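In full-length UniProt numbering, the protein residues as written are 1 to 367.
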């Protein structure tokens with residue numbers, strides 16, 4: 001039974017083939033090639049194809065800041081979230097730092113104590129001055145001994161030194177109070193720049209210590225693509241050089257190198273190149289590619305309209321000396337402006353359809 005079924009299918013295929021004859025897609029029933037007009041041809045020529053070196057990088061803000069804790073404490077208020085726009089000087093978070101506040105209170109109390117000590121020292125000096133003046137008069141009248149006079153003079157000098165010491169302590173106490181007030185102000189985390197909050201490393205209730213990162217803020221006024229370029233190209237990249245780049249899968253755009261960092265990373269053997277970028281969709285952390293020109297080579301470039309893509313296959317219409325079009329699979333390279341690099345499949349001197357390719361089928365005659 002199975003053999004009969006196979007024989008039937010084979011016979012059916014032969015019958016269908018017999019009915020169709022040898023007619024091709026681009027021929028009439030009489031075997032004459034169909035004619036397609038309005039098609040433009042171009043002869044394949046060798047061109048100078050720019051050679052590029054690809055390098056990858058990340059977009060970073062030109063100006064950014066990490067807001068870190070400057071005193072130990074617990075975050076009691078978090079006033080912003082990621083994506084919020086903030087202004088310079090705005091309070092982003094508040095810490096509860098009991099030791100810091102206690103230190104500020106103690107410093108203020110020290111100022112008051114120093115003020116009282118100065119008043120007492122001035123009172124003692126005033127008394128010593130009056131006593132010395134009386135004894136000075138009595139000594140001139142020889143009513144007191146020289147020893148008594150010298151004693152009162154010494155007491156006056158000691159009182160004067162006491163005032164100077166008290167004044168110095170007051171100055172130091174005020175300095176301590178001002179420093180404590182500044183440190184007390186560290187319980188408020190403020191934004192050093194105007195921009196957008198890009199990261200939040202801690203939240204309300206978290207305990208932080210001096211140097212602990214809490215928030216990150218970036219200015220939106222400018223971004224640069226930081227690209228890691230192989231060390232072998234170190235002499236071929238300079239500031240002011242034009243490059244082509246692609247940011248986050250967008251359309252290719254032109255750029256100009258603004259800075260070349262001369263230091264080579266010993267681990268990756270690369271150096272950093274910075275390129276300003278702007279426009280819609282450009283944000284810190286965005287992925288980017290840069291193509292650095294490294295001279296040219298002879299190759300084949302065809303207009304984009306000549307190259308057809310069907311699934312994973314790429315082809316062109318090649319026209320022979322009889323103006324008959326035949327599909328030819330090709331291996332494309334990269335896009336160079338409005339043209340496509342062809343790595344294999346066509347040769348110099350052949351003619352290809354560059355306009356009106358949608359009208360062409362295999363075997364037609366083009367005019």
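C-beta atoms are modelled at their ideal positions from N, C-alpha and C, and glycine is treated no differently. Bear in mind that the values here come from a model prediction, so they are computed numbers and not experimental data.
Identified DSSP bridge partners for residue i
i	result
residue 195	86
residue 365	35 and 324
residue 64	218
residue 271	229 and 264
residue 54	291
residue 341	301
CA-to-CA distance, residue j to residue i, given in whole angstroms
i	j	result
residue 70	residue 172	23 Å
residue 345	residue 252	27 Å
residue 156	residue 147	14 Å
residue 403	residue 109	Past the boundaries of the shown model lies residue 403; the chain is included only from 1 to 367, so the question cannot be answered.
residue 21	residue 326	Legend: pLDDT at residue 21 = 40, less than 50; position of this residue unreliable, value from coordinates given subsequently. Cα to Cα, the separation comes out at about 20 Å.
residue 67	residue 89	12 Å
residue 293	residue 249	20 Å
residue 302	residue 65	49 Å
residue 258	residue 331	36 Å
residue 277	residue 55	16 Å
residue 241	residue 273	11 Å
residue 282	residue 291	18 Å
residue 358	residue 50	30 Å
residue 83	residue 362	56 Å
residue 131	residue 117	21 Å
residue 237	residue 34	55 Å
residue 267	residue 261	16 Å
residue 39	residue 364	11 Å
residue 191	residue 94	12 Å
residue 356	residue 36	9 Å
Candidates the options, of which the one nearest residue i by Cα
i	options	result
residue 153	86, 165, 138 and 164	138
residue 134	150, 226, 339 and 119	150
residue 79	87, 68, 85 and 91	91
residue 187	165, 76, 216 and 308	76
residue 62	221, 39 and 193	221
residue 162	189, 144, 239 and 119	119
residue 239	231, 58, 255 and 232	255
residue 229	264, 212, 38 and 143	264
residue 212	203, 356 and 219	203
residue 270	244, 235 and 298	235
Contacts around residue i, its chain only, beta-carbon distance under 6 Å, and the 5 residues preceding and following it disregarded
i	result
residue 48	296
residue 74	96 and 207
residue 159	124, 125 and 128
residue 246	252 and 289
residue 114	169, 170 and 173
residue 223	59, 61, 277 and 282
residue 227	55, 57, 273 and 290
Short Cβ contact (8 Å threshold) for residue i with residue j
i	j	result
residue 360	residue 42	no
residue 341	residue 318	no
residue 300	residue 46	yes
residue 352	residue 323	no
residue 218	residue 284	yes
residue 195	residue 86	yes
residue 308	residue 275	no
Close-in-space but distant-in-sequence residues of the same chain around residue i (CB under 8 Å, 5 per side omitted)
i	result
residue 81	197 and 200
residue 165	121
Contacting residues, own chain, Cβ-Cβ under 7 Å from residue i (five flanking each side not counted)
i	result
residue 339	301, 302, 303 and 304
residue 328	315, 316, 318, 345 and 346
residue 52	291, 292, 293 and 294
Closer than 7 Å: residue i CB and nearest the ligand GDP heavy atom
i	result
residue 245	Here there are no bound small molecules, and the ligand GDP is not part of this structure.
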